[in-house]
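Asks:
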Amino acid sequence: MGDDAPNVLSLSWVFGFSRDIAIQNLCDENRSAIFYVSAHTGIIHDISARTQKLLQGHCNPISCTCSSSDRRWVITADKGPESMLVIWDSYMGTPIKTIQTPHANGVCAMDLSPDGRYLVTLSEETNPQVLSIWDCASANEKETPLYSAQVAASANGAAAEPQTAVRFDPEDSMSLVTNGSSLVVFWSFHDGGLKFQAPSLAERDFKQPVGRITQTVFIPGTRNAVSATADGDAMLWELVSGPEDPLGSEERRASKMVKLHSGPIHYLMTVGPYLVSGGADGHVRFFDFNFRVVAWFEDLEAGPISSISFAHQPSALKTHTVDSELSCPDFIIGTANALIVACSASLFDQLEPSARRGTLLVQGQDFAVSGLATHPSLTRFAVTGRSGLLQLWDYAERRLLIMRMYDKLLGNAVAFSPNGKFLAVGFTNGAVKVLAAMTLEEIASFKASKDCILQVHFSHDSNMLATSDADNCVGVYRHGSGTEEGGARYWEFLGKYRGHYKTITGLGFGQSDEGLPRLFSTAEDRHLVEYDLARSSVQGGVQLRSTTRIEQTAVPTAFLWLPPGVQGSAATLVTANEQYKLRCRQAGGAIVERTALGPTYGGPLTRMLLLPSSPEDDNDDRYIAYATHEKVVGIMKLPLDGNPNKAMGLIAHPGEVADLCSSWDGKWLVTAGGSDMSIHLWSLDVLALEETIKSGGEGLAPFAALIDGGADGPAYQEMVDYFYYAQLRTQGEDTTEPRRITGLVPIGEVGNLMRSLGYYPSEKEVEDLMAEAQLMGKAAGREDLSSITFDEFLRLYVNHRPVFGISKEQINEAFETIGVEMDGKMPREALLRALAQFEEGISGDDLAQCLRALMGTDDVTMLNKRLGSKDFAEDVLGFDDYAPEQAK
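In full-length UniProt numbering, the protein residues as written are 1 to 888.
(1) L119 to A444, Cα distance in whole Å?
(2) When you compare the region 647 to 663 with the region 580 to 588, are there three or more beta-carbon pairs, one atom per stretch, that lie closer than 8 Å?
(3) Flag this pair as touching only if the region 339 to 347 and the region 358 to 367 have three or more C-beta atom pairs under 8 Å; answer yes or no.
(4) Tell me whether C661 sits in a helix, a strand or coil according to DSSP, three-state version.
(5) So, using beta-carbon positions, are L326 and V284 closer together than 8 Å?
(6) Mind checking F838: buried by the 16 CB within 10 Å criterion, or exposed?
(7) So what's H320 in DSSP terms, helix, strand or just coil?
(8) Taking the beta strand (DSSP E) that R489 falls in, what are its first and last residues?
(9) Take residue 908 as the anchor and find which of Y147, A368, E698 and A571 has the nearest alpha-carbon.
(10) Using the Cα positions of K256 and L236, report the straight-line distance between them to the nearest angstrom.
(11) Identify whether Y797 lies in helix, strand or coil by the three-state DSSP scheme.
(12) Closer than 7 Å by C-beta to P517: which residues in its own chain qualify, once you throw out the five before and the five after it? Chain order, please.
(13) For Q810, does the three-state DSSP call read helix, strand or coil?
(14) Taking three-plus beta-carbon pairs below 8 Å as touching, is the region 631 to 644 in contact with the region 564 to 576?
(15) Would R117 and A137 be called neighbours here (beta carbons separated by less than 8 Å)?
(16) Is the beta carbon of Y722 sitting closer than 8 Å to the one on S756?
(17) With H, G and I counted as helix, E and B as strand and the rest as coil, what does DSSP make of F422?
(18) Take every Cβ of the region 601 to 617, pair it with every Cβ of the region 543 to 551, and state whether three or more of those distances are shorter than 8 Å.
(19) Mapping the DSSP letters down to three states, classify C473 as helix, strand or coil.
(20) Straight-line CA distance for V130 to G232?
(21) Compute the Euclidean distance between the alpha carbons of D858 and A873, then round it to the nearest angstrom.
(22) Can the beta-carbon of P376 be found less than 8 Å from the beta-carbon of G334?
(23) Check the Cβ-Cβ distances between Y147 and every residue of chain D, and say whether any is below 8 Å.
(24) Does the distance from the CB of T41 to the CB of C108 come in under 8 Å?
(25) Where Q197 and N179 are concerned, what is the direct C-alpha to C-alpha distance, given to the nearest angstrom?
(26) Using the beta-carbon count (16 or more within 10 Å), is I99 buried or exposed?
(27) Name the residue from D169, T595, V210 and K259 whose alpha carbon lies nearest to the alpha carbon of N224.
(28) Looking at T557 and A576, is the spacing between their C-beta atoms short of 8 Å?
(29) Taking C-beta to C-beta, are Y797 and M855 nearer than 8 Å?
(30) Could you tell me which residues DSSP puts in a beta bridge with H457?
(31) Can you give the beta carbon distance from S663 to T374, rounded, assuming they're within the 8 Å contact cut?
(32) Measure the alpha-carbon distance for R386 versus W134 and round it to whole angstroms.
(33) Can the beta-carbon of A631 be found less than 8 Å from the beta-carbon of G602?
(34) Buried or exposed for L687, please, with buried defined as at least 16 other CB atoms from any protein chain shown within 10 angstroms of its CB.
(35) Using 8 Å as the threshold, is the region 381 to 396 in touch with the region 345 to 354, meaning 3 or more CB pairs across them?
(36) Rounded to the nearest angstrom, what separates S154 and Y501 at their Cα positions?
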């Protein structure tokens, strides 16, 4: 598809921002806009039009930003593997220049020179830390820095202290300053190379302790500098050398210290004739260059100041006199409470405190987001997180409707009832609250668990509520069995059941043929548990209906109930596992009806949800939205069959994907980034996925493409040869009777066929393969279900074979499971005994046959008397690259 082709998922809006990254005020005479960051996305927010222009391209969280003095250019940089730095046109929202991997692990701080030509970056890595100067006007395709130097603690090259902030001199594009927690370094590159001076700093210089240094700026017109500290002080660096000394050769010393704030100063900058500071006390203060206070903004009530940025309004900077009133451009502040507030100089003259608070522009999440839920019939979603804050947003109007703060309670999971009346919230301390969905008023509160509530789900009729917790228990609540004095029904706790002995990974309601709720859970113990809701009561507690082992070796990671007619004629339970497989079975059935290869883009699936069918859509196609533990969110088309073209995925967040939910009409997807405190709204276009499916070919073509070399490659031809040989083998290899090539192979040969291709299923897995092959034949309408076609064999192979081969870590883990001694090895006899007795034991004849194939002899005495995972991998299996650090 071309560049203009529609995307299945397109980022439409970002709620919240990264509160610790500097915001940029882009306002000037032509526009009213601000720039801020959310995780790995830059946002140009038009204040007047209430629109967002999203700057995408980073794969890691953006770590720092800066802008040119005229606000034309905005620069973003990230830190992490394959980091990058991008210079953007803030009017067009397009990248102008990209620097791939400016430093090995990214950038921790940067600044742009006043003339916009030079960019300085500080590396995230500190062993050693590197400072680099980049020429933004350079057409160098390799994008190498103009100058680079290692950061040293002093001029004599003592041990380095990591530098955390960097600023250019506003009147000299070749002078800059960096600082760490206790060290300030002055740099220059006037003479064609980077030179630095690190003046000494000691408490005895001021006869008082010197707090941790947070930021340092130059004072315009003086060549002096000021450092802010976590104690609320400002420290002046004065010139020691004379004014006749050439630029870049100045020496400075710390001469005095002045108290500016009662607590830490988080942000320091100059604008016109003012030194501006923002503190943890939530105050913004203006000083002249002699540290005399000029103006103060102490009624903002927005939280600790994290950044300040002024508009590009040169006319607002009038000639300053001692008696003149405050005259400065409009400015915005970002706070640790995840608020962006617009302020102006005129606020200082307001009499009422409420009139001095500024205008709220953006409200985000101030702590990690952990739970999301969308309303079943309105354009609303609820979000909860680790601050105790519960918010209700309208995603169509992009505005916050209502919020509620819980004291000493941290939210972790949230869900709307299907009828839209209730909102359930699960907290980290085990509490569960049922609220009115429209007003967030509390209806019921329970404290039945001491551990974190992992998931909350309502039944289809909204009369049942289920929770899972970190104690591996499932709790059940019921609505409507009793009434209060006013006649209203109330919620009651039926009980909880520990049906698993490992972490619960999936929980969900289904529906019986009679329309009654059914409740299931899956866990890392490889079991599927169904609870008997009909027999559960307040007096008798939660009752168990069945427990089924659903995996032999893989660990289930997600669960989904599909109603009849979506995956098959009957209701289907879908489980995802860590081996990237999707298992489909009838509700309550132990037999796997279909194993499908799942998406392999970014780790095993951890969340799946059935997207609602759009009321405006006439076709019956249905889709599943999914998320992995980190980064990836995507869409799969039903029915699940392993066709790789029926699934897509993209990097939705640079780290954890905490939750996802869909709008009631299936047109929008909402995702939460957990610790990056971001919520992303995605528009959904399933027609784009249909185009991908169509271009991938029909029938067997998509599955053949998964074989190395495709349908024309040697691996595919080898499969054909083995399949035909299996037909001959079943007719007798030494027979003289005429051969009959029917295109069918007995199902009993499936295991041998798989092993001939390098996939070695266990006997239990062979049974599953044979059962699934019979169901495939039945679905194809064949009367003889004892045979399999080549097409069916190929589909089975690509869906069942491991995504990754046997790893050395797995061999090491197997030895530890069997039981190794202190030296990481076990006696030969103990290993042979384990191979013969545990699980699917190997008989003596089979073991001898395996040894002959692997070692050329079946004499077990040829094995070492004591074996470890390294010995077994190299001497028996023939691995020749076993890493020493992995061996035991």
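Built from N, CA and C at the ideal position, the CB exists for glycine as well.
Replies: Let me lay it out:
(1) For L119 and A444, the distance between alpha carbons rounds to 57 Å.
(2) By the Cβ test, the region 647 to 663 is not in contact with the region 580 to 588, since fewer than three Cβ pairs between them sit closer than 8 Å.
(3) At 8 Å Cβ cutoff, the stretches touch.
(4) Correct three-state label for C661: strand.
(5) No, these two residues do not count as a Cβ contact at 8 Å.
(6) Result: exposed.
(7) Confidence in H320 is poor, its pLDDT being 49 and thus under 50, which makes the residue's placement too unreliable to answer from.
(8) DSSP places R489 inside the beta strand (DSSP E), whose first and last residues are R489 to Y497.
(9) With the chain covering 1 to 888 only, the question about residue 908 has no answer from this structure.
(10) K256 and L236 have their alpha carbons spaced roughly 6 Å apart.
(11) Looking at Y797 - three-state DSSP - the assignment turns out to be helix.
(12) Within the same chain, and ignoring the five residues on either side of P517 in sequence, the residues whose Cβ sits closer than 7 Å to its Cβ are S459, H460, D461, M464, F509, Q511 and L533.
(13) DSSP places Q810 in helix when its eight states are reduced to three.
(14) Touching, yes.
(15) Contact: yes.
(16) Contact flag set, yes.
(17) F422: strand per DSSP, three-state reduction.
(18) Judged by Cβ distances under 8 Å, the region 601 to 617 makes no contact with the region 543 to 551, as fewer than three pairs qualify.
(19) In the structure shown, the three-state DSSP call for C473 is coil.
(20) CA-CA distance, V130 to G232, rounds to 29 Å.
(21) Between the C-alpha atoms of D858 and A873 there is a straight-line separation of about 17 Å.
(22) No, the Cβ-Cβ distance between P376 and G334 is not below 8 Å.
(23) The displayed structure is made up of one protein chain only, and chain D is not part of it.
(24) Contact: no.
(25) In this model, Q197 and N179 are separated by some 12 Å (Cα to Cα).
(26) Buried is the label assigned to I99, since at least 16 other Cβ atoms lie within 10 Å of its Cβ.
(27) It is D169 whose Cα lies nearest to the Cα of N224.
(28) Taking 8 Å as the Cβ cut-off, A576 and T557 qualify as a contacting pair.
(29) No, Cβ-Cβ distance for Y797 and M855 is not below 8 Å.
(30) Its beta-bridge partners are A466.
(31) Between S663 and T374 the beta-carbon gap is near 6 Å, inside 8 Å, which marks them as a contact.
(32) Taking the straight line from one Cα to the other gives about 40 Å.
(33) The residue you asked about is not Ala; residue 631 is Lys in the sequence shown. G602 is positioned such that its CB atom lies closer than 8 Å to that of K631.
(34) When all chains shown are included, L687 counts as exposed.
(35) The region 381 to 396 makes no contact with the region 345 to 354, as fewer than three CB pairs between them are under 8 Å.
(36) Model confidence at S154 stands at a pLDDT of 45, short of 50, so the residue's coordinates are unreliable and nothing is read from them.
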